[in-house]
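Here the protein sequences come in this chain order: L and W. All residue numbers for the first sequence refer to the working numbering, where the first residue is 150 and numbers rise by one. All residue numbers for the second sequence refer to the working numbering, where the first residue is 4 and numbers rise by one. Every residue, glycine too, gets a C-beta built ideally from N, C-alpha and C. Report on the following structure.
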Amino acid sequence: MQLTVWTYEGPPHVGAMRIATAMEGVHYVLHAPQGDTYADLLFTMIERRGKRPPVTYTTFQARDLGKDTAELFQSAARDAFARYKPQAMLVGASCTAELIQDDPSGLAEAMRLPIPVVALELPSYQRKENWGAAETFYQLVRALADKTVSAAPREGRRPSVNLLGPTALGFRHRDDVVEITRLLGALGIDINVTAPLGASPVDLARLGAADFNICLYPEIADTACRWLDKTFGQKTVRTIPIGHGATRDFIAEMAALAGVDPAAALDDSRLPWWSRSVDSTYLTAKRVFIFGDATHAVAAARVARDELGFEVVGLGCYNREFAREIRDAAKLYGLDPLITDDYLEVEDAIAKLQPELVLGTQMERHIAKRLRIPCAVISAPVHVQDFPARYSPQMGFEGANVLFDTWVHPLVMGLEEHLLTMFRDDFEFSDSAGASHLGHESTAPLPLAGAAGGGSVATLALEETSPPLTPPASGRGTWSPEAERELLKIPFFVRGKARRNTERYAAEQGIAAITLDTLYDAKAHYAR
Amino acid sequence: MTVLAPVRPATGADCAPVLRERGQREVFCGLTGIIWLHRKVQDAFFLVVGSRTCAHLLQSAAGVMVFAEPRFGTAIIEERDLAGMVDCNEELDRVVDRLLARRPDIKLLFLVGSCPSEVIKLDLSRAGQRLSLKHAGRTKILNYSGSGIETTFTEGEDACLAALVPDLAASAQGAAPELMIVGALPDVVEDQFLRIFAQLGITTVRSLPARRAGEMPPVGPNTRFLLAQPFLGETARALEDRGAVRLDAMFPFGAEGTTNWLHAAATAFGVDEMHFRSVIAPGRERAKRAIEHCRAKLDGKSIFFMPDSQLEVPLARFLAQELGMVPLEVGTPYLHRRHLAQDLALLPNTTVISEGQDVDKQLDRVRAAKPDLTVCGLGLANPLESEGLTTKWAIELVFSPIHGFDQAGDLAELFARPLRRRDVLKV
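Structure follows, in structure tokens:
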């Protein structure tokens, strides 16, 4: 048993729902107890869909268990078929139904429905959401792809590809598809099928007609791409076009496969200039911690180091299936990868490293908020605000623009917040000072006047009113009150680093009590 | 005034025949109750023994609450737990030991059963006894089931409170009559009721659940209890088994419901009628004034309740009687006729009462009836809105303070706001 409050991934049948909901003409009959319908609201609320997910639940109750839950399953499947008239049906069990051992596959087969019925085996006690989505997509592709279809000879026609992986409830999948479609258009490449998002079973039947596949989200499409390679001999483009450089690599890889000129699609991003402009100088070597699904985390690390000039100090993912990708990437940055689905471990790592920016999921956003570290979201799981109304892809050149703005924004806000705090106690800025440009005499007394200039009163006020701004980094070394006060004068977004450096310096020098001098000696020691 | 007035038997008033349906039910399971119960009982922890689905449900339903060090969690059953039951019990002990070591402030631990734990017949009551012995003197360990196969949404609270009842102290023999308010209410609402009862001269009033594990009320034949919520069938039965007597009343929604509810207690405790009227007059007037703000918007509008929380019947009564709305169909996951007799009697006889659900068929009825307002869950609200039907999402009615005089205006506003919004939007 594993004690948990928060999980990065839902159960595998939620992954299957993401595939069914992404597609048209597919209906999923899920053998599940009453209550499992909660998953519907992920789609209607977080993704704000205006349609119910195409899922029928058997919603069996305790009183049904003594009777025939198998019959319940069949009548639910029969009703769903009659009502929704899907082109294909998925059938499967959720975690509880897995235990009662009705056999959705056999039961559905016995009904002899006049449409393809794909049975899903999703081991709920071993696997999770992403795996469930990948397996479902793979099973659908395997069952529905017409093996007699193949790509026409290349002469006299544009190359054509399948765009694979985008789903319902995917982080920015909607806009990534638009961006990559636009990019392919610029290169003169046609899209044969985009799946599962927006595809129908009829579309899946035509998969074989493409020259090659683009695996946009390996977590979802990798298994299906391997099968398509084996079955139709279709190569797979594996570069993930997140970031300026990766998008260029993606274009190069694709252009080579398709035999087209990459130039038509190159260089369409503001990121390189924005990043080179002097305003961005202060981004240099900002220490950044990155956590998410493996694909987004690996891509983010490259953008962070090579395109924004950050220092990547932590890299990890929650999906073990892609641990190898994270390990390989971590080597590039000289890091130990963090592969865990326990958010407490992630929190410990962040607290220990004291990064200046966290790139992560919804959970890291809250961890960073608690630790007062700026943060941006780069990966699912995400909340409703990360299914925005505006166009905001992560992929392609426009995606690179979005990344730049999204990641730099919390840092700029950090600088603003620091300046406001620094000037908060200046008498001219206090609430009681009134608006001087209107020429009115201030009616309120100026209780803080004596403290103008950042003297001891202001520092004391800060100590009394603020919660501790940074937790001790390591517990090594005892800080003298004087040194502690001096530390508080350092902007909060570099304070963690200063504390860490000082404690490391103290430990190396064998200094037990950290004084004002230790603080500044350490500063000199680490000066660049 | 301590003389107990004879308790009126339930009227058993009947109403139009109930439409009973079986089919897909679009409802939460009882685990969801944890989300408000853990806020109410401040030193209790709710440990769900279940699957990843249970954990995912709780975090989806709790929203941002899960980031605030909540006092609930899930012990996720894994493949190896399913291999052998002995192992499963040892694992549970290990999880509980670790949890209590990390949270020594926990005085009451609920082991909450789920569908998987019920289906594999993991005996949580025995586990509770075993662990209670081990942690005796520090933490009491109880259990109940919030599984979807046994409980629907608010029935989780019923199961939890019913599990508390056998554990309540017995009141002294021949003790003076005491009033118990049963059902978790927001603290602010509970305080309002306590003030009114004090003004009425009913001296000892206790709540189940109490705010702390050590302050749970005693129970005995001297206990008269008022249900604050309509979904507490099991809890009421357990209290009656211990000799307590239920006071039959409408549920305290709106001016009329609250008056009737308070009056049931006043009658049972022999409070003088004139005194009762003078005490409640200010609150009742305030409630009526506050409700009046929404009347123009709601009067004559039709409303359709999909089943969710069992609050549907008393809320439909409030909207029909006090705001002039026309309830077309009032769906409830479970109809506790005896407790709802007075509210049911006041519903228009054209209203269809439905118990249980076949969601597709019920949505067909919604589309055919085109109600002005449909009360439904979040899985259905946006899809109905996109079809042009105005909705009020039901869960808010469980999480917001809506009971009593001083919340009557807010309650009416919850239903008026979607209609007002529909009228102001020009997009």
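The beta strand (DSSP E) that contains residue i, what's its start and end?
{"i": "Asp339 of chain L", "result": "339–344"}
{"i": "Gly465 of chain L", "result": "460–466"}
{"i": "Ile79 of chain W", "result": "75–79"}
{"i": "Ile742 of chain L", "result": "Outside the displayed span of chain L (150 to 677) sits residue 742 of chain L, for which this structure offers no information."}
{"i": "Cys374 of chain L", "result": "Not the beta strand (DSSP E): Cys374 of chain L falls in the alpha helix (DSSP H), residues 367–381."}
{"i": "Gln151 of chain L", "result": "151–153"}
Whose Cβ in chain W lies nearer than 8 Å to the Cβ of residue i?
{"i": "Val342 of chain L", "result": "Correct list: empty, because the minimum Cβ distance to chain W is about 27 Å."}
{"i": "Met403 of chain L", "result": "Those do not exist, as Met403 of chain L stays about 37 Å from chain W at its closest Cβ, beyond 8 Å."}
{"i": "Arg232 of chain L", "result": "Asp363"}
Have a look at residue i and residue j and give me their C-alpha separation to the nearest angstrom.
{"i": "Leu61 of chain W", "j": "Gly53 of chain W", "result": "11 Å"}
{"i": "Phe546 of chain L", "j": "Pro504 of chain L", "result": "27 Å"}
{"i": "Lys97 of chain L", "j": "Leu487 of chain L", "result": "Since the displayed chain L opens at 150 and closes at 677, residue 97 of chain L lies outside it and no answer follows."}
{"i": "Arg331 of chain L", "j": "Thr394 of chain W", "result": "38 Å"}
{"i": "Glu259 of chain W", "j": "Phe642 of chain L", "result": "57 Å"}
{"i": "Ala283 of chain L", "j": "Leu22 of chain W", "result": "42 Å"}
{"i": "Arg101 of chain W", "j": "Leu322 of chain W", "result": "49 Å"}
{"i": "Thr430 of chain L", "j": "Lys518 of chain L", "result": "25 Å"}
{"i": "Phe200 of chain W", "j": "Arg227 of chain W", "result": "13 Å"}
{"i": "Val462 of chain L", "j": "Ala104 of chain W", "result": "33 Å"}
{"i": "Gly319 of chain L", "j": "Gly164 of chain L", "result": "10 Å"}
{"i": "Gly66 of chain W", "j": "Lys379 of chain L", "result": "43 Å"}
{"i": "Arg198 of chain L", "j": "His176 of chain L", "result": "16 Å"}
By Cβ distance, which residues of its chain are closer than 8 Å to residue i, with the 5 residues on each side in sequence left out?
{"i": "Asp217 of chain L", "result": "none"}
{"i": "Ala301 of chain L", "result": "Ala358"}
{"i": "Ile663 of chain L", "result": "Gly626, Thr627, Trp628, Ser629, Ala632, Thr651, Glu652, Ala655"}
{"i": "Asp251 of chain L", "result": "His180, Thr218, Ala219, Phe222, Ala242"}
{"i": "Glu243 of chain W", "result": "Arg249"}
{"i": "Val222 of chain W", "result": "Val168, Leu171, Ala172, Ala173, Ser174, Met183, Leu242, Arg245, Gly246, Ala247"}
{"i": "Lys429 of chain W", "result": "none"}
Give me the chain L residues within the contact set of residue i, using Cβ-Cβ distance strictly less than 7 Å, ordered along the chain.
{"i": "Thr155 of chain W", "result": "Gln183"}
{"i": "Ala165 of chain W", "result": "Per Cβ cutoff of 7 Å: no residues; Ala165 of chain W is ~16 Å from chain L at best."}
Going along chain L in order, which residues have a C-beta closer than 8 Å to the C-beta of residue i?
{"i": "Asn385 of chain W", "result": "Thr193, Met194, Arg197, Arg198, Gly199"}
{"i": "Arg101 of chain W", "result": "Leu152"}
Where do the ends of the alpha helix (DSSP H) carrying residue i lie?
{"i": "Phe228 of chain W", "result": "Unbroken run through Phe228 of chain W is the beta strand (DSSP E), 226–230; no alpha helix (DSSP H)."}
{"i": "Glu243 of chain W", "result": "236–244"}
{"i": "Lys364 of chain W", "result": "362–372"}
{"i": "Ile329 of chain L", "result": "322–336"}
{"i": "Leu127 of chain W", "result": "127–137"}
{"i": "His162 of chain L", "result": "161–171"}
{"i": "Lys200 of chain L", "result": "Neither: Lys200 of chain L is in no alpha helix (DSSP H) and is coded neither H nor E."}
{"i": "His266 of chain W", "result": "257–271"}
Counting only Cβ pairs nearer than 9 Å, list the residues of chain L close to residue i.
{"i": "Glu82 of chain W", "result": "Pro272, Tyr274, Gln275"}
{"i": "Leu95 of chain W", "result": "Met150"}
Counting only the same chain and skipping the five closest in sequence on each side, list residues whose C-beta sits under 7 Å from that of residue i.
{"i": "Glu237 of chain W", "result": "Asp161, Ala162, Ala165"}
{"i": "Arg420 of chain W", "result": "none"}
{"i": "Asp84 of chain W", "result": "Asp90, Cys91, Glu94"}
{"i": "Leu381 of chain W", "result": "Trp396, Ile398"}
{"i": "Lys291 of chain W", "result": "Ala258"}
Go through its chain and collect everything with a Cβ distance to residue i's Cβ below 6 Å, but skip five positions before and after it.
{"i": "Ala293 of chain W", "result": "Ala411, Gly412"}
{"i": "Thr170 of chain L", "result": "Phe192, Pro202, Ala317"}
{"i": "Arg412 of chain L", "result": "It is Ala, not Arg, that sits at residue 412 of chain L in the sequence shown. Result list for Ala412 of chain L: empty, nothing under 6 Å."}
{"i": "Ala404 of chain L", "result": "Pro411"}
{"i": "Arg436 of chain L", "result": "Glu460, Val462, Pro504, Glu505"}
Listing by chain order, which chain W residues have their CB less than 7 Å from the CB of residue i?
{"i": "Trp155 of chain L", "result": "Gln62, Val69"}
{"i": "His515 of chain L", "result": "Phe70"}
{"i": "Ala211 of chain L", "result": "Ile152, Glu153"}
{"i": "Ser243 of chain L", "result": "Thr56"}
{"i": "Ile264 of chain L", "result": "Correct list: empty, because the minimum Cβ distance to chain W is about 19 Å."}
I want to verify the contact list: residues of chain W whose CB lies under 9 Å from the CB of residue i, in sequence order.
{"i": "Val386 of chain L", "result": "Going along chain W, no residue has its Cβ under 9 Å from Val386 of chain L, so there is no contact; the nearest lies around 33 Å."}
{"i": "Leu346 of chain L", "result": "In chain order: nothing, as chain W lies at least about 19 Å away."}
Legend entry - Within the stretch 189–219 of chain W, ranges of the alpha helix (DSSP H) (whole runs, at least 4 residues): 190–203
Legend entry - In chain order, each alpha helix (DSSP H) run of at least 4 residues that lies wholly inside the stretch 384–467 of chain L: 393–407, 420–425, 443–451
Inset, instruction - Counting only runs of 3+ residues fully inside the stretch 45–103 of chain W, write out the beta strand (DSSP E) ranges in chain order. - result: 47–53, 75–79
Inset, instruction - Could you pull out every unbroken alpha helix (DSSP H) segment of at least 4 residues lying fully inside the stretch 174–215 of chain L, listed in chain order? - result: 211–214
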